[in-house]
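Remarks on the structure that follows.
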Amino acid sequence: MVDPIENGKWKGGIEEKICDLKEDIKELKDKISNVYEIVNKIDKEVVVLKVKSGVWGFLAGLIPALVAFIYWVVNK
């Protein structure tokens, strides 16, 4: 930790430290917004994968049903 007092006097002004803190906060906000953008992209990809897996699951279940239906129609 940095000692803000040297020889009984403040190192730098309080205003300078506040400005530094404001810049740090702005950088953190930018990083957080970037993280939110990445999470939103991932959420969209997950939704697309859910739809695709539903379609493929439906088709995988439909094929045996069609084979059974055709077999039933032919043997009737």
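Per the numbering used here, residue 80 is the first one in the sequence shown, and the count goes up by one each step. We treat Cβ as the ideally placed atom computed from N, Cα and C, and that holds for glycine.
When you compare only the Cα positions, how much space is there between residue i and residue j?
{"i": "Ala-139", "j": "Val-118", "result": "31 Å"}
{"i": "Val-152", "j": "Val-146", "result": "10 Å"}
{"i": "Ile-121", "j": "Tyr-115", "result": "10 Å"}
{"i": "Lys-96", "j": "Trp-135", "result": "58 Å"}
{"i": "Lys-110", "j": "Leu-100", "result": "15 Å"}
{"i": "Val-125", "j": "Lys-155", "result": "45 Å"}
{"i": "Ile-104", "j": "Cys-98", "result": "10 Å"}
Please report the residue range of the alpha helix (DSSP H) in which residue i lies.
{"i": "Lys-155", "result": "First-last for Lys-155: undefined, no H or E at that position."}
How is residue i classed by DSSP in three states: helix, strand or coil?
{"i": "Gly-92", "result": "coil"}
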